[in-house]
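Below you'll find the structure, written out as structure tokens, and then a few comments.
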Amino acid sequence: MHIEQSSIVVDQTTVSYDHFQMGSKQVCFLISGASYLYDHPYFYYSRMALLARDIDVICIHYVTEELFSMSDAESNACMTRRVHAVVSEVLATHTYENVQFIAKSLGTIPLAALLAKPNLQTARFVFLTPVLTEVTEQIATSSQAGLLVIGTADKFYDEVALETCHTSQLTIDVMEGANHSLDQGFEVDQSLAVLGHVVRQIEASLFEPLPK
């Protein structure tokens, strides 16, 4: 494995990304939350599962302090431009036959915008604890396979918005009592059980053949 650190300038801001290269024809882009980063459990174990299958991995470092001084609309647009620029750069400079995405929290906003890209209609998408009110419309009108996971104790949980998402092709997994970190409060055993379950769901959504 070779890890290449690269960057691209978007709107006069340098956006860096780490490229874990396994010599694969498959790639998975990881898109972090604001503070839920790539060394946190769901990304750590997802990356482990991907690398174990010799799949290339891209970790995008798109979050900067200036995002939090913008309006929501400005911040969403800025994040989306940054993430999309990295995705476009990687796909233009490497030959990948299969593309996958895993995003959490804030990162699900730029991820949802990728659903409309013509060249990503066969990609698989994983939304972990999405900001539902910001992404529902895009998810509801999408056709890609993948996974959406959210807990009922998540501040972004919205039953009406989630019901709308059922028109998509995503598998929707609602974790009773789980919060925005997908933890069960301070219950260690229960939180680890959720972690194991969700990682298995991610593996199934990314690696199992689609039904014909």
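Under the working numbering, think of the first position of the sequence shown as 78, with each following residue one higher.
Cβ atoms here follow ideal geometry from the backbone N, Cα and C, with glycine treated the same way.
Check: Where does the unbroken alpha helix (DSSP H) through asparagine 153 begin, and where does it stop?; Outcome: 149-170
Check: Can you check whether the CB of serine 282 is closer than 8 Å to the CB of glutamine 246?; Outcome: no
Check: Below 8 Å on the Cβ atoms is my guess for phenylalanine 178 versus cysteine 105; work out the distance and round it to an integer in Å.; Outcome: 7 Å
Check: How is the alpha helix (DSSP H) around serine 245 delimited, first residue to last?; Outcome: Premise fails: serine 245 is in no alpha helix (DSSP H) and is neither H nor E.
Check: Hey, which unbroken runs of the beta strand (DSSP E) at 3 residues or more fall wholly within the stretch 86-161?; Outcome: 90-98, 103-108 and 133-138
Check: Pop quiz: valine 160 and proline 195 are said to be a contact at Cβ under 8 Å. What is the actual Cβ separation, rounded to whole angstroms?; Outcome: Not confirmed; about 17 Å, so no contact.
Check: Would you identify the three-state DSSP class for valine 276, choosing helix, strand or coil?; Outcome: helix
Check: When DSSP labels each residue in this structure, what does asparagine 323 get in the three-state scheme?; Outcome: Nothing about residue 323 can be reported from this structure: the residues present for the chain run from 78 to 289 only.
Check: Could you have a look at serine 219 and say whether DSSP puts it in helix, strand or coil?; Outcome: coil
Check: Could you tell me whether the Cβ atoms of leucine 107 and isoleucine 135 are closer together than 8 Å?; Outcome: yes
Check: Cα-Cα, which of Cys242, Pro207, Thr141 and Leu239 is closest to threonine 91?; Outcome: Thr141
Check: Between the beta-carbon of glycine 184 and the beta-carbon of glycine 110, is there less than 8 Å?; Outcome: yes
Check: Only counting the same chain, and skipping five residues up and downstream in sequence, which positions put a Cβ closer than 7 Å to that of cysteine 155?; Outcome: Asp88, Leu144 and Met147
Check: My assumption, with CB atoms under 8 Å, is that glutamine 278 sits in contact with leucine 224. Please give the rounded CB distance.; Outcome: 6 Å
Check: Would aspartate 231 pass as a contact of alanine 255 if the rule is Cβ separation under 8 Å?; Outcome: yes
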